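These notes concern the structure reproduced below.
Protein chains: 2
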Amino acid sequence: MSSKSDLLSSRNGPTSRRRFLTNAAGLGGALVTTHALPDTLADVPTREPGADLSGHSERSQYVKIARIPEAGPGMRNVDPSDAINSKAPLGQLMGTLTPSDLHYERSHSGVPDIDPARHRLLLHGMTRDQLVLTVDELKAMPSLSRTVFIECTGNGWENWKAADENLTVQNTHGLVSTNEWTGVPLKFLIDLVGKDPKSTWMLAEGGDAAAVARSIPLTDEIMEEAFVAYGQNGEPLRPAHGFPIRLVMPGFEGNLNIKWLRRLEFGDQPWMTRWETARYTQLLADGKARQFQLRMETNSVITSPSGMMKITPGYNRITGLAWSGLGKIGRVEISTDGAQSWRPAQLNEPLLPRAQSRFQMDWVWDGKPTKIVSRSTDVKGNIQPDRKTLIAAMGTNALFHYNAQQTWSIDAAGRVRNVLA
Amino acid sequence: MSSKSDLLSSRNGPTSRRRFLTNAAGLGGALVTTHALPDTLADVPTREPGADLSGHSERSQYVKIARIPEAGPGMRNVDPSDAINSKAPLGQLMGTLTPSDLHYERSHSGVPDIDPARHRLLLHGMTRDQLVLTVDELKAMPSLSRTVFIECTGNGWENWKAADENLTVQNTHGLVSTNEWTGVPLKFLIDLVGKDPKSTWMLAEGGDAAAVARSIPLTDEIMEEAFVAYGQNGEPLRPAHGFPIRLVMPGFEGNLNIKWLRRLEFGDQPWMTRWETARYTQLLADGKARQFQLRMETNSVITSPSGMMKITPGYNRITGLAWSGLGKIGRVEISTDGAQSWRPAQLNEPLLPRAQSRFQMDWVWDGKPTKIVSRSTDVKGNIQPDRKTLIAAMGTNALFHYNAQQTWSIDAAGRVRNVLA
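Line by line, the protein sequences are chains A and B.
Here the first sequence stands for residues 1 to 421, numbered as in the working numbering.
Here the second sequence stands for residues 422 to 842, numbered as in the working numbering.
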């Protein structure tokens, strides 16, 4: 059904009817005779009344979707008590949002069970006043909402040194999610507490047992865009995501988005906590460690077809997600011949800054083994590097900020596997 | 702490520090002495490790949030088996989205439990071809995502004839929600099946026991914007919201967004189903019934403070939601003196077409009884009517499309109540 000319004639944007009917044959056939009708309609259970209306609408019994707890690079299928993160099911998600209960999870001492009525936020240090705020006081302040991604700086670390061919896109890229977050602009709190103009750094500390604390440089961008969030996708934060309040730092390392936030201290230099001197430093090829590599880079991944999926020759739709800590995604290109040639993917509107964007492209697979890859470019012109370029710059000692182009190989049987370019 | 000059000097947008500290006193005081510190921090449970990471992050035990099933105007606190809708908790939501499990629910024969592998969509009628599509075939087609509201045409019906002062905003306005929906453009399916240019109407039929079916005029706008959705806030539809597929008709009556969609028939005139000849017609003052009043009008409501809440004198933040079936919201004004004078509210970005938009405004309540009201205007210049104007046009026989300005009265004790203007 498919041919080289189909492949070459592929174009970005909606597929023509003729093209789709050809393609659909590859899916098992969309055209049917009227004979199929009665049998088909008989399959639709419209005879019995359904379930009662409810206070909460749960998922279908036919939908199996969950995060997977892991213990670090190569440490999968572990006991939940050993898990350090829980990855979002990117291969099953559609559109751009992640349901709150499936947003990726990362914690250093588990998930605290905090009573919001007793929780406080302390603002102090190089400030005119010292404030202790309740959650209700924060909710009464001017609010904003931003639909942005939060990404663990370890996202992609599975592929730093080698590629396990049995990984899914949930394993390789499941430490990024996009939600609508609602809260109080950091700038409002800074004006409220009267920050000393000489204060150029802020310490954010969490209320979990690990008391994760990070030093954050108070650049104009961060003072404009950071906020203290109490809302997630329309509801209060889930405990795993910082209930009752967390810091949201659009475009920056996930660990800076301090969960269970209890303290903001203002100073004129970084505090050099263990989280920035040991835990979240980047080990370079020469053995030196880079500190404060805070910005999440331009990235993308094909979520379908992706690792451990199986496709059939003929029409297949390629779709995936692209994101950048520097702003909107400007362009995504896809190669279906192992990065020899590239075609533009369709980007779905609206394109929001620092949010995941959905891309898609028609593809007719001729049944021959090949490799598919995506490459994103943000509006500032930053291009997602190929693996060789990233490794040349960073070496293979590093654990964080792996944003190399993701290659999926497809064998003659249509099996999709994780490989290095 | 508050004074007439505070009130008159109130401005749209972020509150100045001096203003907020004055206001905060009305909340119980945000400024604290250092003495409060040790006690406060001792309250933060940072000593024990928290719960294990998980496959799904559930809500906090401290968050009680749910829809309320009702049986129609004035028919509350009914047995779930008698419920015809379940209302979203607008007073507790933040930002603009509604979590999928809290999206308002309306069904005519309960919620069917459909196996997606057996479900089919039939496209037929005045078409070149006849198609029966599987859910997987639909998922392989070009997709779009839209963040839009869906609203039951009965939203607001509690206030058509009289006002029960014990209603919350969930009771009065809980039949509207905003989600990100993902699916296949109707236009693509129309091209695929080869619609006869003479076909100007489409019948959409659901796979529930009631087999709800509506005739939809194929205007250019509808052919451009309608789509068949399989995704909701990033995941497959919930059964209550149409799993595995539903029609999404941005800006039009909720009942046109056919759930459990099983059939699209193309013709050259409406089918005059019972849903458009009896159920969803609008009874006018003269006893005549209006058919096909399909567009949801410009609307808004203050969600806080709102019905059954209690406020204290001094600083209070007014916030709410505005939406229009005709496009983006252009302006929201708020009156805190029973619609005698109006001030512009701050509209939170981004403003998406046919989505709920969040508005907010500072307010210092002087403790005297008053009434607060919101009034929205969309970008096309359509102004939300006051109750007198709506009733003058529609009479009080009607049940649907009630978009009059919502008035909340506040008594000397700070109790907020639902009243007619």
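Idealized CB from N, CA, C, for every residue including glycine.
Owing to the predicted nature of the structure, the values given are computational and were not obtained by experimental measurement.
Give the straight-line distance between the Cα atoms of residue i and residue j, rounded to the nearest whole angstrom.
{"i": "VAL379 of chain A", "j": "THR407 of chain A", "result": "23 Å"}
{"i": "VAL135 of chain A", "j": "ILE114 of chain A", "result": "12 Å"}
{"i": "SER145 of chain A", "j": "ARG779 of chain B", "result": "9 Å"}
{"i": "THR593 of chain B", "j": "GLU579 of chain B", "result": "6 Å"}
{"i": "HIS822 of chain B", "j": "ALA699 of chain B", "result": "16 Å"}
{"i": "LEU587 of chain B", "j": "ARG836 of chain B", "result": "The amino acid at residue 587 of chain B is misidentified as Leu; the sequence shows Asn. Answer to the nearest angstrom: the Cα atoms are 11 Å apart."}
{"i": "LEU841 of chain B", "j": "MET496 of chain B", "result": "19 Å"}
{"i": "GLN513 of chain B", "j": "LEU773 of chain B", "result": "22 Å"}
{"i": "VAL184 of chain A", "j": "ASP386 of chain A", "result": "38 Å"}
{"i": "SER81 of chain A", "j": "VAL212 of chain A", "result": "19 Å"}
{"i": "LYS731 of chain B", "j": "GLN232 of chain A", "result": "25 Å"}
{"i": "HIS529 of chain B", "j": "HIS662 of chain B", "result": "13 Å"}
{"i": "ALA538 of chain B", "j": "TRP181 of chain A", "result": "35 Å"}
{"i": "SER424 of chain B", "j": "VAL193 of chain A", "result": "Note that SER424 of chain B scores 32 on pLDDT, short of 50, meaning its location in the model is unreliable; the coordinates nonetheless yield the value given after this. So the two alpha carbons sit approximately 24 Å from each other."}
{"i": "SER409 of chain A", "j": "GLY314 of chain A", "result": "17 Å"}
{"i": "GLN551 of chain B", "j": "HIS545 of chain B", "result": "5 Å"}
{"i": "PHE149 of chain A", "j": "PRO691 of chain B", "result": "45 Å"}
{"i": "ALA364 of chain B", "j": "GLY741 of chain B", "result": "Any answer about residue 364 of chain B is impossible in this case: the structure gives chain B only from 422 up to 842."}
{"i": "PRO350 of chain A", "j": "ILE804 of chain B", "result": "26 Å"}
{"i": "LEU186 of chain A", "j": "LEU639 of chain B", "result": "48 Å"}
{"i": "GLU697 of chain B", "j": "ALA355 of chain A", "result": "41 Å"}
{"i": "PRO69 of chain A", "j": "THR791 of chain B", "result": "53 Å"}
{"i": "PRO462 of chain A", "j": "GLY95 of chain A", "result": "Coverage of chain A is limited to positions 1 through 421, which leaves residue 462 of chain A absent and any answer about it impossible."}
{"i": "VAL364 of chain A", "j": "ILE302 of chain A", "result": "16 Å"}
{"i": "PRO765 of chain B", "j": "PHE188 of chain A", "result": "20 Å"}
{"i": "VAL169 of chain A", "j": "SER306 of chain A", "result": "6 Å"}
{"i": "PHE227 of chain A", "j": "GLN482 of chain B", "result": "25 Å"}
{"i": "ILE84 of chain A", "j": "VAL669 of chain B", "result": "39 Å"}
{"i": "SER304 of chain A", "j": "THR336 of chain A", "result": "13 Å"}
{"i": "ASP366 of chain A", "j": "ASN824 of chain B", "result": "56 Å"}
{"i": "ARG695 of chain B", "j": "ASP362 of chain A", "result": "41 Å"}
{"i": "SER300 of chain A", "j": "THR810 of chain B", "result": "53 Å"}
{"i": "GLU297 of chain A", "j": "GLY156 of chain A", "result": "12 Å"}
At the 8 Å Cβ level, is residue i part of the contact set with chain D, yes or no?
{"i": "GLU105 of chain A", "result": "Of the protein chains in the structure, A and B, none is chain D."}
Using the Cβ count rule (16 or more neighbours within 10 Å means buried), how would you classify residue i?
{"i": "ARG214 of chain A", "result": "buried"}
{"i": "MET426 of chain A", "result": "Nothing can be reported for residue 426 of chain A: it is not among the residues displayed for chain A, which extend from 1 to 421."}
{"i": "ARG263 of chain A", "result": "buried"}
{"i": "ALA833 of chain B", "result": "exposed"}
{"i": "ARG290 of chain A", "result": "exposed"}
{"i": "THR312 of chain A", "result": "exposed"}
{"i": "THR396 of chain A", "result": "exposed"}
{"i": "PRO112 of chain A", "result": "buried"}
{"i": "ALA584 of chain B", "result": "buried"}
{"i": "GLN826 of chain B", "result": "buried"}
{"i": "ASP101 of chain A", "result": "buried"}
Can you name the residues of chain B whose CB is closer than 8 Å to the CB of residue i?
{"i": "GLY55 of chain A", "result": "ALA487, ARG488, ILE489, PRO490 and SER507"}
{"i": "VAL63 of chain A", "result": "GLU656, PRO657 and PHE664"}
{"i": "PRO197 of chain A", "result": "In chain order: nothing, as chain B lies at least about 15 Å away."}
{"i": "GLY110 of chain A", "result": "PRO470, GLY471, ALA472, ASP473 and LEU474"}
{"i": "MET75 of chain A", "result": "Here the premise fails: no neighbours, minimum Cβ distance about 13 Å."}
Chain A partners of residue i, CB-CB under 8 Å?
{"i": "ASP522 of chain B", "result": "HIS56, SER57 and GLU58"}
Listing by chain order, which chain A residues have their CB less than 7 Å from the CB of residue i?
{"i": "GLU469 of chain B", "result": "ALA209"}
{"i": "ALA504 of chain B", "result": "ASP52 and LEU53"}
{"i": "ASP536 of chain B", "result": "TYR62"}
Please list, in chain order, the chain B residues whose beta carbon lies closer than 9 Å to that of residue i.
{"i": "GLU165 of chain A", "result": "The contacting residues do not exist; GLU165 of chain A stays about 24 Å from chain B at best."}
Cβ closer than 7 Å: which chain B residues qualify as neighbours of residue i?
{"i": "LEU97 of chain A", "result": "GLU601, ASN654 and GLY655"}
{"i": "SER145 of chain A", "result": "GLY516, THR517, ASN769 and ARG779"}
Strictly below 9 Å CB to CB, what residues from chain A border residue i?
{"i": "PRO501 of chain B", "result": "ASP52, LEU53, SER54 and GLY55"}
Q) Looking at chain B, which residues of the segment 238–269 of chain A have a Cβ within less than 9 Å of any of its Cβ atoms? A) ARG238, PRO239, ALA240, HIS241, PHE243, PRO244, TRP260, ARG262 and ARG263
Q.
Please give the ranges of any alpha helix (DSSP H) in the segment 698–755 of chain B, keeping only runs that are unbroken, at least 4 residues long and fully inside the region.
A. none
Q) What residues from the segment 327–350 of chain A come within 9 Å of chain B, judged by C-beta to C-beta, listed N to C? A) GLN346, ASN348, GLU349 and PRO350
Q: Would you mind listing the alpha helix (DSSP H) stretches within the segment 514–602 of chain B that are 4+ residues and don't spill past its ends, in chain order?
A: 556–560 and 590–594
Q. If contact means a Cβ-Cβ distance below 7 Å, which residues of the segment 207–228 of chain A contact chain B?
A. GLY207, ASP208, ALA209 and ALA211
Q) Which parts of the segment 765–803 of chain B are runs of the alpha helix (DSSP H), unbroken and 4 residues or longer, counting only runs that do not cross its ends? A) none
Q.
So if I threshold CB-CB distances at 9 Å, which residues from the segment 777–791 of chain B count as touching chain A?
A. ARG779, GLN781 and ASP783
**Q.** Contact set between the segment 722–749 of chain B and chain A, restricted to residues whose Cβ is under 8 Å from the partner
**A.** TYR736, ASN737, ARG738 and THR740
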